[in-house]
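Asks:
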Amino acid sequence: MPDSRRAIRRRVRVCGDGRSGHRIRVQVSAGRFRRVYDPSVGETRPWYINDHTVVRGADGWHLFGITGTEPADPWREAAFAHATADRLTGPWTKRPPALTVDPDYGETHLWAPYVVRADGRYFMYYDGGGTDRTATAMNLATSTDLWRWTRHPDGSLFRDGYDARDPMVLRLGDRWVMYYCATSAPGGGHHVVAYRTSTDLVHWSERAIAYTDPRTGTGAGPTESPFVLCHNGFWYLFLGPRPRYVGTDVFRSDDPLHFRPADRVGHIAAHAAEIVDDDGTLWITRAGWGQGGVHLARLRFAD
Numbered sequence: 001m002p003d004s005r006r007a008i009r010r011r012v013r014v015c016g017d018g019r020s021g022h023r024i025r026v027q028v029s030a031g032r033f034r035r036v037y038d039p040s041v042g043e044t045r046p047w048y049i050n051d052h053t054v055v056r057g058a059d060g061w062h063l064f065g066i067t068g069t070e071p072a073d074p075w076r077e078a079a080f081a082h083a084t085a086d087r088l089t090g091p092w093t094k095r096p097p098a099l100t101v102d103p104d105y106g107e108t109h110l111w112a113p114y115v116v117r118a119d120g121r122y123f124m125y126y127d128g129g130g131t132d133r134t135a136t137a138m139n140l141a142t143s144t145d146l147w148r149w150t151r152h153p154d155g156s157l158f159r160d161g162y163d164a165r166d167p168m169v170l171r172l173g174d175r176w177v178m179y180y181c182a183t184s185a186p187g188g189g190h191h192v193v194a195y196r197t198s199t200d201l202v203h204w205s206e207r208a209i210a211y212t213d214p215r216t217g218t219g220a221g222p223t224e225s226p227f228v229l230c231h232n233g234f235w236y237l238f239l240g241p242r243p244r245y246v247g248t249d250v251f252r253s254d255d256p257l258h259f260r261p262a263d264r265v266g267h268i269a270a271h272a273a274e275i276v277d278d279d280g281t282l283w284i285t286r287a288g289w290g291q292g293g294v295h296l297a298r299l300r301f302a303d
């Protein structure tokens, strides 16, 4: 077991009152989805939002995500959508792109941003691509106000494959954990959820594996859009697309660094799902190619 994982196990804060060996299976579902943001409004062509992140700032809610015109071409996704709203349920206002691709920085596309706040700043992690799909760049931009973003001056934080992407960052004990999708070897293999740890949100450990899927391959697979959530004493991992494009499976564990395929406790009709906490009320989003924007529903746990 890597030293970073031992440290997290020793120091991780208690997640509610769950206990190892608890046998109740919690079913996870969602209420009715309602579209809250349509990026095509005011445009001459239909637009989409794919992998995205939602964060609350001092001036309200902000949404960032992959965007483009239909039909989608992922290799030409070169700008991050930005929209704002006073309330999570909208109405949302389309803003100029938060970032555009920078070839001088080594970027070939912009995929799957995730924003976390720490020490008075916002950290945006994203896949910046590169010419080698077995060594995809994980990049960082920071902001103090969610409007103006500055790339990390030292370049990419690390590289991984195959098409490693879809970061999600969580605080565990005295460390940060970044989950992202990859394959068991850089050239391909089992689709996995990898993770790395950090104490400063800039320097990251070597990777370890939180989930290994039975399916193998390269590129897009069934471990995209990982999102980890603590609820009522257990940890939940949301993954998709499963088994089709509009589908997210939910897995439960008492260990935030280890989930198994047999631990599935729910399925939600959503692509690129994100969980949003609005003052204690949990919501789940869905988006994607051909989905008409971003949709929102209440997240449900049936104990």
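Counting from 1, one number per residue, gives the positions in the sequence shown under the UniProt record's numbering.
All C-beta atoms, glycine included, are put in the ideal place defined by N, C-alpha and C.
The structure displayed is predicted, hence computed values, not measured ones.
Closer than 8 Å by C-beta to Ile-209: which residues in its own chain qualify, once you throw out the five before and the five after it? Chain order, please.
Replies: Stepping through the sequence shown from its first residue, residue 209 is reached at position 209. Contacts found: Ser-184, Val-192, Val-193, Ala-194 and Tyr-195.
Asks: Tell me whether Arg-286 is buried or exposed, calling it buried when 16 or more other Cβ atoms sit within 10 Å of its Cβ.
Replies: One-based indexing of the sequence shown puts residue 286 at position 286. The residue in question, Arg-286, is buried, as its Cβ has 16 or more Cβ neighbours within 10 Å.
Asks: Mapping DSSP to helix, strand and coil, what is Pro-113?
Replies: Within the sequence shown, residue 113 is the residue found at index 113, counting from 1. If DSSP states are grouped into helix, strand and coil, Pro-113 belongs with the strands.
Asks: Let me know the secondary structure DSSP gives Tyr-236 once reduced to three states.
Replies: To locate residue 236, count along the sequence shown from 1; it is residue 236. Three-state DSSP puts Tyr-236 in a strand.
Asks: Taking three-plus beta-carbon pairs below 8 Å as touching, is the stretch 215-223 in contact with the stretch 253-273?
Replies: At 8 Å Cβ cutoff, the stretches do not touch.
Asks: From what residue to what residue does the beta strand (DSSP E) around Gly-217 run?
Replies: Here residue 217 refers to the residue found at position 217 when the sequence shown is read from its first residue. Run containing Gly-217: 208-217, per the beta strand (DSSP E) assignment.
Asks: Can you tell me whether Asp-73 is buried or exposed, with buried defined as 16 or more other CB within 10 angstroms of its CB?
Replies: If you number the sequence shown from 1, residue 73 lands on position 73. The residue in question, Asp-73, is exposed, as its Cβ has fewer than 16 Cβ neighbours within 10 Å.
Asks: Round the Cβ separation of Gly-240 and His-190 to the nearest angstrom and send it over; I've been treating them as touching at under 8 Å.
Replies: The residue you call residue 240 lines up with position 240 of the sequence shown. The residue you call residue 190 lines up with position 190 of the sequence shown. Rounded, the Cβ-Cβ distance is 17 Å, inconsistent with contact.
Asks: Tell me which same chain residues have a C-beta within less than 8 Å of the C-beta of Arg-133, skipping the five on either side of it?
Replies: Counted from its first residue, the sequence shown places residue 133 at position 133. The answer, listed in chain order, is Gly-161, Tyr-162, Asp-163, Thr-218 and Gly-219.
Asks: Would you kindly work out how many angstroms separate the C-alpha atoms of Pro-103 and Tyr-236, rounded to a whole number?
Replies: Residue mapping note: residue 103 aligns to position 103 of the sequence shown, counting from 1. Residue mapping note: residue 236 aligns to position 236 of the sequence shown, counting from 1. C-alpha separation (whole angstroms): 37 Å.
Asks: Counting only the same chain and skipping the five closest in sequence on each side, list residues whose C-beta sits under 6 Å from that of Ala-269.
Replies: Mapped onto the sequence shown, residue 269 falls at position 269. So the list reads Val-246, once near-sequence residues are dropped.
Asks: With 16 as the cutoff for other CB atoms within 10 Å, does Gly-187 come out buried or exposed?
Replies: What you label residue 187 is simply residue 187 of the sequence shown in a count that begins at 1. Flag for Gly-187 reads exposed.
Asks: Under the rule that 16 or more other beta-carbon atoms within 10 Å means buried, what is Gly-120, buried or exposed?
Replies: Here residue 120 refers to the residue found at position 120 when the sequence shown is read from its first residue. The residue is exposed, with fewer than 16 neighbouring Cβ atoms inside 10 Å.
Asks: CB-CB under 7 Å to Val-276, same chain, minus the five flanking residues each way: which ones, in chain order?
Replies: Along the sequence shown, read from residue 1 onward, the residue named residue 276 stands at position 276. Val-54, Leu-88, Trp-283 and Thr-285.
Asks: Since Arg-300 and Ser-29 are thought to touch, with beta carbons under 8 Å apart, how far apart are those beta carbons, to the nearest angstrom?
Replies: On the sequence shown, residue 300 is found 300 positions in, with the first residue counted as 1. On the sequence shown, residue 29 is found 29 positions in, with the first residue counted as 1. Between Ser-29 and Arg-300 the Cβ distance is about 5 Å, and since that is below 8 Å, they are a contact.
Asks: Let me make sure I understand the geometry here. Which of Val-169, Tyr-211 and Arg-159 has the alpha-carbon closest to that of Phe-123?
Replies: What you label residue 123 is simply residue 123 of the sequence shown in a count that begins at 1. If we check each option's Cα against that of Phe-123, Val-169 comes out closest.
Asks: Only counting the same chain, and skipping five residues up and downstream in sequence, which positions put a Cβ closer than 7 Å to that of Thr-100?
Replies: Position 100 of the sequence shown, counting from 1, holds the residue named residue 100. Cβ neighbours of Thr-100 beyond the five flanking positions: Ala-78 and Ala-79.
Asks: Between His-295 and Phe-33, what straight-line distance do the alpha-carbon atoms span, to the nearest angstrom?
Replies: Stepping through the sequence shown from its first residue, residue 295 is reached at position 295. Stepping through the sequence shown from its first residue, residue 33 is reached at position 33. Their backbone Cα atoms lie some 6 Å apart in a straight line.
Asks: Out of Val-177, Gly-280, His-82 and Asn-50, which has the shortest C-alpha to C-alpha gap to Trp-149?
Replies: Residue mapping note: residue 149 aligns to position 149 of the sequence shown, counting from 1. When each option's Cα is compared against that of Trp-149, the closest is His-82.
Asks: Which one of Thr-93, Ala-85, His-52 and Gly-65 has the shortest CA to CA distance from Gly-42?
Replies: The sequence position of residue 42 within the sequence shown is 42, counting from 1. It is Thr-93.
Asks: Measuring CB to CB, does Tyr-37 end up less than 8 Å from Gln-291?
Replies: Translated into positions along the sequence shown, residue 37 becomes position 37. Translated into positions along the sequence shown, residue 291 becomes position 291. Cβ atoms of Tyr-37 and Gln-291: not closer than 8 Å.
Asks: On the premise that Trp-204 lies in contact with Arg-165, defined as a C-beta separation below 8 Å, what is that separation, rounded to the nearest angstrom?
Replies: Within the sequence shown, the letter at position 165 stands for residue 165. Within the sequence shown, the letter at position 204 stands for residue 204. Actually they do not touch by this definition, with Cβ atoms about 15 Å apart.
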